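Structure, as structure tokens:
Number of protein chains: 2
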Amino acid sequence: MKENIYQSIFNTYAKRIQSGKIPPGTKLPSENELMSSYSTSRETVRKALNLLVQHGFIQKIRGKGSYVLDIGRMNFPVTGLTSFKEMSGKIGRSTRTLVQRTVCTGASPSIADCLQIEPGEPVWEVIRVREIEGERIILDKDYFRPDKVVLLTEELAAGSIYEYLEQTLNLVISYAKKEISVEEATDEDRALLDLNGLTHVVLVRNFVFLEDTTLFQYTESRHRLDKFQFVDFARRIP
Amino acid sequence: MKENIYQSIFNTYAKRIQSGKIPPGTKLPSENELMSSYSTSRETVRKALNLLVQHGFIQKIRGKGSYVLDIGRMNFPVTGLTSFKEMSGKIGRSTRTLVQRTVCTGASPSIADCLQIEPGEPVWEVIRVREIEGERIILDKDYFRPDKVVLLTEELAAGSIYEYLEQTLNLVISYAKKEISVEEATDEDRALLDLNGLTHVVLVRNFVFLEDTTLFQYTESRHRLDKFQFVDFARRIP
DNA sequence: CAGTGGTCTAGACCACTCC
DNA sequence: GAGTGGTCTAGACCACTGA
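Protein chains in written order, with full-length UniProt numbering: chain A, 1 to 238; chain B, 1 to 238.
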């Protein structure tokens, strides 16, 4: 029993809603009912319900109750950090990762600027191509500060680097900033991706921070235009 | 005094951090200190701090304290519903809105599908071009269900439709789903925008829902590739 | 060890919706 | 009026950090 009460309530309902066991439009038990059925306090129940609201599962209306939303169309919420491996599992297509390079090298001026270090300082560079159903769709270029990540190998790069960082190195990833824009394709893009003559790529820049607020990774994800999609769930800030 | 205590604490610190009055890296007063200095309870203080966390202003570390993050590079968070008018204010460039059409018409099959109604049912259609520094960059196509929005005029379309909906019609906008993808430019795009020969546009589909969970608006925002940017702040979900 | 944030409790009053 | 969610209180115990 290491799970919190409110986490457990949240997980229970999140599962039921995601699996469709509780259909959209259903009214959830009131906070008072949940309070007694879980024999806990109301603030704890409210914490669980607010989590459900934030994740887009339910909608609360004052004086009426909590209602399950229709998340059927929410294909995959990329909001929240999502790595390629998690994503490909959700999409359920045949995918493959081709590691192009895993080296520790001197930072170019533009990379140094992104990582907030000096040009020429050493950085780990990992370049990977993501193949989806036989087509090379995504080019991932990752850069890590070597004071945080000492060693990287091709084997690690082929799997999930995040798993390695979190479970082996015990780095706690805290938050990230994403920027999405469209740029002209580079020679590298044309060489490594199946662009089919497309002149631009979607560029997702990702700045990843640790718990101590230090930036330690910068990633450029270069997507083929026609295969890119980003879904966001937004709540009106009152 | 209609403002909540926790809202007021949040606003105070959000302003100070955004204005730079509290620089990044600063340690905020502890929850106990805030508790007594605002003469309120700790849970209330925590509500305010959690809001600051969710908005990316601060970072809490157990056993240490709350620290101000470096949001200097967070240009404008488009996460959270942001209308064009809000956005243009933040960018601070000269912008103009050109209303192309404001009519009540029969829904085409694709629009009907998006709005979850039958083809041919009446919908309000508003088509606007956004001009930034003399160039026509964005094409906004809005569709409203007429059972919610009875009347729209060109004057309203030229201003902020959201203001009208919320303040005059008292519609409560609750949440929205955004999809970002890239599509081939249509003849309409080429006619209404200054595409400079670009063959594709960034398409932002926006589904807006009311408090009673009914979908009432669908918007297509078609952006010129080279002027599009989207910034997202994401927290690792534990 | 003292200080920090994370969780939880058992109450309270309010604003709102629906009948 | 009864029932709902929104806010708030004054405590409590825990896990973690740092000196």
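Ideal placement from N, C-alpha and C gives every residue a C-beta, glycine not left out. Fair warning: this is a prediction, and the values are worked out from it, not measured in the lab.
Limits of the alpha helix (DSSP H) - the one that B:THR44 falls within: In the second sequence, the residue the question calls residue 44 of chain B occupies position 44. Residues 42–54.
Among A:LYS141, A:GLU163, A:ALA157, nearest to A:ASN206 - alpha-carbon criterion: Numbered from 1 along the first sequence, position 206 holds the residue referred to as residue 206 of chain A. Of the candidates A:LYS141, A:GLU163, A:ALA157, the one whose C-alpha sits nearest the C-alpha of A:ASN206 is A:LYS141.
DSSP state of A:LEU98 mapped onto helix, strand, coil: Translated into positions along the first sequence, residue 98 of chain A becomes position 98. DSSP places A:LEU98 in strand when its eight states are reduced to three.
A:GLY89 versus A:ARG96: straight-line alpha-carbon distance, rounded: Along the first sequence, read from residue 1 onward, the residue named residue 89 of chain A stands at position 89. Along the first sequence, read from residue 1 onward, the residue named residue 96 of chain A stands at position 96. In this predicted model, A:GLY89 has a pLDDT of only 48, less than 50, meaning its place in the structure is not dependable; the value taken from the coordinates is given anyway. Separation of A:GLY89 and A:ARG96 (C-alpha to C-alpha, rounded to the nearest whole angstrom) is 12 angstroms.
Neighbour flag for A:SER83 against chain B, beta carbons, 7 angstroms: On the first sequence, residue 83 of chain A is found 83 positions in, with the first residue counted as 1. Summary for A:SER83: the model assigns pLDDT 46, below 50, so the residue's position carries little reliability, and this model does not support an answer.
Coarse secondary structure for A:THR219, derived from DSSP in three states: The residue labelled residue 219 of chain A in the question sits at position 219 within the first sequence. Looking at A:THR219 - three-state DSSP - the assignment turns out to be strand.
8 angstroms contact criterion, which residue 252 of chain A and A:ILE111 should meet: CB distance rounded: Nothing about residue 252 of chain A can be read from this structure; chain A reaches only from 1 to 238.
Chain-order list of residues whose beta-carbon lies under 7 angstroms from that of A:THR199 (same chain, five-residue window excluded): Taking the first residue of the first sequence as 1, we reach residue 199 of chain A at position 199. If we look at A:THR199 and ignore the five residues flanking it on each side, its Cβ neighbours are GLU184, ALA185.
Simplified DSSP assignment, three categories, for A:PRO109: Reading the first sequence from its first residue, position 109 is the one you call residue 109 of chain A. Helix at A:PRO109.
Where A:LEU192 sits in the DSSP three-state scheme: Start at 1 with the first residue of the first sequence, and residue 192 of chain A comes out as number 192. When DSSP states are grouped into helix, strand and coil, A:LEU192 belongs to the helix group.
Proximal residues of chain A, C-beta to C-beta of B:VAL45 below 9 angstroms: Walking along the second sequence from the start, residue 45 of chain B turns up at place 45. Going along chain A, no residue has its Cβ under 9 angstroms from B:VAL45, so there is no contact; the nearest lies around 14 angstroms.
Closer than 8 angstroms at the beta carbon, the chain A residues around B:ASP226: Position 226 of the second sequence, counted from the start, is the residue given in the question as residue 226 of chain B. Correct list: VAL182.
According to DSSP, residues forming a beta bridge with A:TYR67: Position 67 of the first sequence, counted from the start, is the residue given in the question as residue 67 of chain A. A:TYR67 pairs with A:LYS27, A:GLN59.
Bridge-paired residues (DSSP) for A:PHE209: Here the question's residue 209 of chain A lines up with position 209 in the first sequence. A:PHE209 is bridged to A:TYR175, A:LEU215.
DSSP state of A:ILE9 mapped onto helix, strand, coil: Your numbering for residue 9 of chain A matches position 9 in the first sequence. DSSP, reduced to helix, strand and coil, places A:ILE9 within a helical segment of the structure shown.
Neighbouring residues, chain B, relative to A:LEU69 (Cβ below 7 angstroms): Counting from one through the first sequence, the residue named residue 69 of chain A turns up at place 69. Simply THR213.
Minimum C-alpha distance to B:VAL53 - residue among A:ILE61, A:LYS15, A:TYR175, A:VAL202: Reading the second sequence from its first residue, position 53 is the one you call residue 53 of chain B. Per the Cα distances, A:TYR175.
Boundaries of the beta strand (DSSP E) in which residue 239 of chain B is found, first to last residue: Residue 239 of chain B is absent from the structure shown; chain B starts at 1 and stops at 238.
Own chain partners of B:GLY106 with C-beta closer than 6 angstroms, once the 5 adjacent residues on each side are dropped: The count along the second sequence starts at 1 and reaches residue 106 of chain B at position 106. The answer, listed in chain order, is GLY120.
Contacts around B:LEU98, its chain only, beta-carbon distance under 7 angstroms, and the 5 residues preceding and following it disregarded: The residue given as residue 98 of chain B occupies position 98 in the second sequence. Excluding the 5 residues flanking it on each side, B:LEU98 has same chain C-beta neighbours closer than 7 angstroms at ARG128, VAL129, GLU131, in chain order.
DSSP state of A:LEU203 mapped onto helix, strand, coil: Sequence index remark: in the first sequence, residue 203 of chain A carries index 203 (1-based). Reduced to three states, the DSSP call for A:LEU203 is strand.
With 16 other Cβ atoms within 10 Å as the buried cut-off, status of A:ARG62: Working through the first sequence from its first residue, we reach residue 62 of chain A at position 62. With fewer than 16 Cβ atoms within 10 Å of its Cβ, A:ARG62 is classed as exposed.
Local conformation of B:THR79 per DSSP, three classes: Within the second sequence, residue 79 of chain B is the residue found at index 79, counting from 1. Confidence is the limiting factor: at B:THR79 the pLDDT is only 44, short of 50, which leaves the residue's position unreliable, though a coordinate-based value still follows. In the structure shown, B:THR79 sits in coil (DSSP, three-state: anything other than H, G, I, E or B).
Local Cβ density within 10 Å of A:ASP147, reported as buried at 16 or more and exposed below that: By one-based count along the first sequence, residue 147 of chain A stands at place 147. The Cβ neighbour count for A:ASP147, taken over all protein chains shown within 10 Å, is under 16; the residue is labelled exposed.
Separation of B:SER41 from A:SER41, as counted between CA atoms: For the purposes of this step, residue 41 of chain A is identified with residue 41 of the first sequence, where counting begins at 1. For the purposes of this step, residue 41 of chain B is identified with residue 41 of the second sequence, where counting begins at 1. One C-alpha to the other measures close to 17 angstroms.
is_contact[B:VAL231, chain A] using C-beta, thresh 7 angstroms: The count along the second sequence starts at 1 and reaches residue 231 of chain B at position 231. Interface flag for B:VAL231 against chain A is set, since a Cβ pair is found closer than 7 angstroms.
Residue 239 of chain A at chain B interface by Cβ criterion, 7 angstroms: Since the displayed chain A opens at 1 and closes at 238, residue 239 of chain A lies outside it and no answer follows.
Residues within the segment 131–147 of chain A neighbouring chain B, beta-carbon criterion of under 9 angstroms: Against chain B - using a Cβ distance shorter than 9 angstroms - the segment 131–147 of chain A contributes no residues.
Spatial neighbours of B:VAL126 in its chain, beta-carbon cut-off 6 angstroms, leaving aside the 5 residues before and after: On the second sequence, residue 126 of chain B is found 126 positions in, with the first residue counted as 1. So the qualifying residues of the chain are THR102, ASP142, ALA157.
Residue from B:VAL172, B:GLU155, B:GLU135, B:LEU171 whose Cα sits closest to the Cα of B:LEU192: Taking the first residue of the second sequence as 1, we reach residue 192 of chain B at position 192. Nearest of B:VAL172, B:GLU155, B:GLU135, B:LEU171 to B:LEU192, Cα basis: B:GLU135.
A:GLU155 beta carbon near the ligand SAH (any heavy atom closer than 6 angstroms): The ligand SAH is not part of the structure shown, which contains no ligands of any sort.
Neighbour-count burial assignment, A:SER30, 16 or more Cβ in a 10 Å radius: As a first step, residue 30 of chain A must be located in the first sequence, where it is residue number 30. The residue is exposed, with fewer than 16 neighbouring Cβ atoms inside 10 Å.
Residues that B:GLU31 contacts on chain A, provided the C-beta gap is smaller than 7 angstroms: Looking up residue 31 of chain B in the second sequence gives position 31. Residues of chain A passing the Cβ test: none, with the nearest at roughly 16 angstroms.
Close-in-space but distant-in-sequence residues of the same chain around A:LYS177 (CB under 6 angstroms, 5 per side omitted): As a position in the first sequence, residue 177 of chain A is number 177, starting the count at 1. Cβ neighbours of A:LYS177 beyond the five flanking positions: PHE207.
Interface residues of chain B facing A:ILE61 [CB-CB closer than 7 angstroms]: As a working mapping, residue 61 of chain A is identified with position 61 in the first sequence. When 7 angstroms is used as the limit between beta carbons, A:ILE61 is near these residues of chain B: GLU211, in chain order.
CA-to-CA distance, B:ASP226 to A:SER36, given in whole angstroms: For the purposes of this step, residue 36 of chain A is taken as residue 36 along the first sequence, with counting starting at 1. For the purposes of this step, residue 226 of chain B is taken as residue 226 along the second sequence, with counting starting at 1. About 56 angstroms.
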